[in-house]
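Just add 129 to the spot in the sequence shown (first one is 1) and you have our numbering. For glycine and all other residues, C-beta sits at the position ideal for the given N, C-alpha and C. No experiment lies behind these values; they were computed from the predicted model shown. These notes are about the structure you will find just below.
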Amino acid sequence: MNLLRVISAPIGRIFIALIFVISGWNKLFAYTDIQGYMTSMGVSGELLPFVIGVELLAGLAVITGWQTRLAALALAGFSILSAVIFHMDFTDQIQFIMFMKNLAIAGGLLLLVANGPGAYAFDNRHRTD
């Protein structure tokens, strides 16, 4: 069981954070389109650099296990906020699924906040157990 915990922690961090890193990276190459979409949803397009930064930096922090709890908390808040702002049209089945996906991701991230990064994390570099 211990081997399973050791292996699943870094893989889980990668899986849960990869969506943010890829999304942030892709926003760099569709900058104008994303700004337009944000504006159409009532969010200032001037926030896009902040959004990209949060997705990339916090996503990479979770993957590497550096400041994991703080990064996971930031991404959980980001996921909930984006669910409420962009996916609240429950008459559209796709938007409902996207809303629930964001809540599920936030839940996984909150488990990282509660339990820490697990094995193979920069946060553990000074541990002596």
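- Here T197 is buried: its Cβ has 16 or more other Cβ atoms, across all protein chains shown, within 10 Å.
- DSSP places S169 within a helical segment (H, G or I) once states are collapsed to three.
- With respect to L176, A205 sits apart: the two C-beta atoms are not nearer than 9 Å.
- DSSP, reduced to helix, strand and coil, places Y160 within a helical segment of the structure shown.
- By the criterion of a C-beta distance shorter than 7 Å, D218 is surrounded in its chain by Q224, once the five residues flanking it on both sides are discounted.
- Residue environment: P246 is assigned as buried (16 or more neighbouring CB atoms within 10 Å of its CB, all protein chains considered).
- Inclusion of A250 and S208 in the CB contact set at 9 Å is not warranted, their separation being larger than that value.
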